[in-house]
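These notes concern the structure reproduced below.
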Amino acid sequence: MLCPTTQGTILQVKKIFTSTNTPMRAYPPMLNILLSFPFCPSLAFTMLVLQGLFSLFLMLQNSHAYQFKVGGSGDWSLASSSSYDQWAQKSRFQTGDTLLFNYQANGDSLLQVTEADYKNCSTASPIAKYSDGHTLITLNQSGPHYFISGVADHCKHNEKVVIVVLADRSNHTSNAPSSSPPATPPALPPTPTSEQFASPPPAPSEPNLNPAPGPAHSEGNPPPAPTPNGASSMVVDRAFFCYFGAFVGFSLFGF
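Heads up, the sequence shown is in full-length UniProt numbering, so the first residue is 1 and it goes up one at a time.
Spelled out as structure tokens, the structure:
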């Protein structure tokens with residue numbers, strides 16, 4: 001029989017997974033960890049362990065690519081065309097993810113086109129054409145990707161979709177500091193003329209008793225901006241401290 005704390009925690013886990021759209025494949029491992037406790041843990045200890053496990057799962061989720069079936073449960077067809085834009089807006093695509101298009105090879109096809117051809121449903125000069133009925137496309141670049149049906153009439157009835165790909169959060173590149181412009185060479189003194197040699201030298205002026213100002217410190221290049229920590233590193237730190245806190249709390253207080 002489960003202790004009341006574990007039963008209440010299971011309900012909380014279901015609510016968390018439902019509200020965050022977390023894949024349910026991580027649900028059984030978390031429950032197995034809770035059920036493996038040889039004692040009835042307190043609610044604070046249980047939630048602390050769950051917080052660490054959930055953070056660790058999010059870290060793994062961000063570091064792996066996913067496969068998206070275009071249209072969700074439907075196929076790439078004229079019957080499902082009304083929901084493509086809504087499906088794409090609800091999904092989050094990153095570089096490395098893949099798109100799966102299922103369609104009837106003998107009656108339809110898939111074209112990857114430019115933005116102009118997408119708006120005009122032009123099938124004359126596609127970027128790529130697929131007609132195998134089971135097309136898997138890897139998203140290697142961030143930005144918008146345009147796909148339409150190879151049948152122009154299907155495209156005009158909204159069998160088309162725009163996939164906006166975000167950059168992978170695990171890849172961060174720091175901007176290299178811009179190189180300073182080359183120093184301007186000193187100007188050469190003017191060539192003396194005959195009149196300058198003929199004129200008498202000017203009388204020496206009285207020495208300036210005021211001390212010459214010290215040389216101004218030239219402002220150097222600003223230090224390069226620190227590389228921002230990725231989302232995955234933040235999650236790792238959070239998960240580490242959660243586990244560490246759970247271990248210390250259990251060791252000291254026995255809860």
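We put the beta carbon where it would ideally sit given N, CA and C, even for glycine.
In this text the structure is predicted, and so the values were computed from the model without any measurement.
For residue j and residue i, the rounded distance between their alpha carbons
| i | j | result |
| --- | --- | --- |
| residue 151 | residue 52 | 50 Å |
| residue 133 | residue 76 | 9 Å |
| residue 108 | residue 125 | 17 Å |
| residue 123 | residue 111 | 8 Å |
| residue 89 | residue 83 | 10 Å |
| residue 103 | residue 166 | 26 Å |
| residue 120 | residue 66 | 31 Å |
| residue 135 | residue 113 | 15 Å |
| residue 146 | residue 85 | 12 Å |
| residue 95 | residue 70 | 16 Å |
When the options are compared against residue i, the one with the closest alpha-carbon
| i | options | result |
| --- | --- | --- |
| residue 78 | 163, 156, 165 and 167 | 156 |
| residue 116 | 162, 130, 65 and 109 | 162 |
| residue 148 | 127, 167 and 94 | 127 |
| residue 118 | 68, 103 and 144 | 144 |
| residue 106 | 130, 159 and 91 | 130 |
Sequence-distant residues of the same chain with beta carbon closer than 7 Å to residue i, five excluded per side
| i | result |
| --- | --- |
| residue 72 | 87 |
Close Cβ partners of residue i (< 8 Å) along its chain, the five nearest in sequence each way excluded
| i | result |
| --- | --- |
| residue 153 | none |
| residue 68 | 91, 93, 97, 98, 99 and 100 |
Same chain, Cβ closer than 6 Å to residue i, neighbours up to 5 away in sequence not counted
| i | result |
| --- | --- |
| residue 164 | 144 |
*Is the stretch 86 to 101 close to the stretch 126 to 139, with three or more CB pairs under 8 Å?*
yes
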